Amino acid sequence: MIAVIGCVKETVSVKLLPPKEDERQQEGFGGYGYPGPYGMAPPQEMPQEEPEEEDDEITVKGSGCGYNIAVNLAAWGYDTEFISAIGNDTMGSAARAGLDKAGVGREGLAVFEDSTAVDVELVNIFGDVSMAKKNRHVIKNITPEFIRDRAKILEKAEAIVVDGTIPGETIDYVLKTYGGRSGVKLFFDPASSRGGRKVKDSLEGFYCVMPGRMEAESMSGKTVLSEEQLSEAGVFFGKSGVERIVITIKGGGLYYREGDREGILRPERLITLGSTSGAGDVVSAAVVAGAVDGKTIEEIAADAMEKAALYLADVGVKAVE
């Protein structure tokens, strides 16, 4: 069984589109006698009918680093348990439904009288996030005591995945309790640069770390831009006691290392437009799955690349040859 400890949240994305001509006129851009940039525009005949109001592009989906990893693992057929905290609200109900649909065990999921974690994103026409607001207060309930109460789940796990969104003291507790223990592999996905900084001084005990490039910088305290710097980061993690390292690279590639073996895989097509959010979690899930199956680091890296490419194609991210 694979146990995943991490964040589940609802992400609300609002796509920002440029105003249409009739909207520009009504909002004071020089139409219908409104003042324009060069003074008052001449009055124009008002339209006889109101233009039909179009709906904005708004999407709501279950997300969170730990949630995504757990859902992917279960979808691929792995026995997966998810340990997290949600609120007693409609978003929490949606999160539970998403876990049930994927076949994720939620014995370790707790419901609190709070709001389920939520991110609200304003996305531009290129798919990049222009502004974001979040509320993750409920995640603070994932304390060391919370994890101790779920020891029966973790004792049965052959792999434990930790999402860096949870409190730092809880990450430390899991690392000290299960890191390096015989029969269990401990994986860490920082989820963000902030999550990476939580383990900057305590990496020994993790079997594998799975950061993005910027997260690798926050974990190592080193600049990670070039291939040489990726290799240096890999050496750093190895000397810190980590056996396997996989670093995802913007654009769809990844760097991997185990011992003295390392490599960089690049996609056949470069990602150019659209958010790649979620692809890193697919890579992390594939890395965990491959380790459970006893695959080599080279096999794992190739499989992770393939699964990430399928995910990006499925969500419609644009790429060029």
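Quick note: the sequence shown uses full-length UniProt numbering, first residue 1, plus one each step.
Even glycine gets a Cβ: it sits at the ideal position worked out from N, Cα and C.
All values reported here derive from a predicted model rather than from experimental measurement.
#1: Under three-state DSSP, which class holds Phe236?
#2: Just the Cα atoms here: how many angstroms apart are Asp56 and Glu121?
#3: How is Leu16 classed by DSSP in three states: helix, strand or coil?
#4: What does the Cβ neighbour count give for Thr223, buried or exposed, with the cut at 16 atoms within 10 Å?
#5: So what does DSSP say about Thr11, is it helix, strand or coil?
#6: Decide if residue 323 is buried, meaning its Cβ has at least 16 other Cβ atoms within 10 Å, or exposed.
#7: Please report the straight-line C-alpha distance between Thr170 and Ile125, rounded to a whole angstrom.
#8: By Cβ distance, which residues of its chain are closer than 8 angstroms to Ser240, with the 5 residues on each side in sequence left out?
#9: Between the alpha carbons of Arg286 and Ala117, how many angstroms are there, rounded?
#10: In the DSSP assignment, the beta strand (DSSP E) including Glu258 goes from what residue to what residue?
#11: Starting from Ala117, trace the beta strand (DSSP E) both ways and give me its first and last residue.
#12: Throw me the rounded Cβ distance for the Val174 and Ile147 pair, which I believe falls under 8 angstroms.
#13: When you compare each of Gly105, Glu258, Ser130 to Thr296 by their alpha carbons, which one comes out closest?
#14: Please classify Thr59 as buried or exposed, where buried requires at least 16 other C-beta atoms within 10 Å of its C-beta.
#15: Is the beta carbon of Phe206 closer than 7 angstroms to that of Leu230?
#16: What separation, rounded to the nearest whole angstrom, lies between the Cα atoms of Gln155 and Ile247?
#17: Could you check the C-alpha separation between Met91 and Ile245 for me, to the nearest Å?
#18: So, under 8 angstroms CB-CB, Glu10 and Ala94 are touching, yes? Tell me the CB distance rounded to an integer number of Å.
#19: For Val282 versus Tyr311, is the C-beta spacing smaller than 7 angstroms?
#20: Spell out the partners DSSP gives Ile2 in its beta bridges.
#21: Got a sec: does the ligand FMN put a non-hydrogen atom nearer than 6 angstroms to the Cβ of Lys9?
#22: Within 10 Å of its beta-carbon, does Thr272 have 16 or more other beta-carbons around it, so buried, or fewer, so exposed?
#23: Given that a residue counts as buried once 16 or more other Cβ atoms are within 10 Å of its Cβ, and exposed if not, what is Ala157?
#24: With burial defined as no fewer than 16 other Cβ atoms inside 10 Å of the residue's Cβ, what is the status of Gly33: buried or exposed?
#25: Find out if the Cβ-Cβ distance for the pair Arg150, Ile249 is shorter than 7 angstroms.
#26: Determine the burial state of Ser220: buried for a count of at least 16 other Cβ atoms within 10 Å of its Cβ, exposed for fewer.
#27: Less than 8 angstroms between C-beta atoms, sequence neighbours within five positions excluded: which residues of the same chain meet that for Glu262?
#28: Inspect the beta-carbon positions of Asp79 and Met1 and report whether they are closer than 7 angstroms.
#29: Determine whether the beta carbon atoms of Ser218 and Gly196 lie at a separation below 7 angstroms.
#30: Whole-angstrom Cβ separation of Phe188 and Met210, contact assumed at under 8 angstroms?
#31: Would Lys140 pass as a contact of Asp119 if the rule is Cβ separation under 7 angstroms?
#32: In or out: Gly77 buried (at least 16 other Cβ within 10 Å) or exposed?
#33: Measure the alpha-carbon distance for Gly105 versus Glu81 and round it to whole angstroms.
#34: Between which two residues does the alpha helix (DSSP H) harbouring Asp281 extend?
Judging by the given coordinates:
#1: helix
#2: In a straight line, the C-alpha of Asp56 is about 14 angstroms away from that of Glu121.
#3: coil
#4: exposed
#5: strand
#6: Outside the displayed range of the chain (1 to 321) lies residue 323, so it cannot be described from this structure.
#7: 38 angstroms
#8: Leu203, Glu204
#9: Correcting the residue type first, residue 286 is Ala in the shown sequence and not Arg. Between Ala286 and Ala117, the C-alpha separation is close to 25 angstroms.
#10: 253-258
#11: 117-123
#12: Rounded, the Cβ-Cβ distance is 6 angstroms, consistent with contact.
#13: Glu258
#14: exposed
#15: no
#16: The question names Gln, but residue 155 is Glu in the sequence shown. So the two alpha carbons sit approximately 28 angstroms from each other.
#17: 34 angstroms
#18: 6 angstroms
#19: yes
#20: Bridge pairing for Ile2: Thr80, Ala159 [DSSP].
#21: As far as ligands go, the structure on display features none, and thus does not contain the ligand FMN.
#22: Per-residue confidence for Thr272 stands at a pLDDT of 48, beneath the threshold of 50, marking its modelled position as unreliable; the derived number appears in the next sentence. Looking at its Cβ environment, which holds fewer than 16 other Cβ atoms inside 10 Å, Thr272 is exposed.
#23: buried
#24: In this prediction, Gly33 has a pLDDT of 49, which is less than 50 and means its spatial position is unreliable; what the coordinates show is noted afterwards. Its Cβ having fewer than 16 others within 10 Å, Gly33 is exposed.
#25: no
#26: buried
#27: Ser231, Gly234, Tyr255, Tyr256
#28: At a Cβ-Cβ threshold of 7 angstroms, Asp79 and Met1 count as neighbours.
#29: yes
#30: 7 angstroms
#31: no
#32: exposed
#33: 4 angstroms
#34: 279-292
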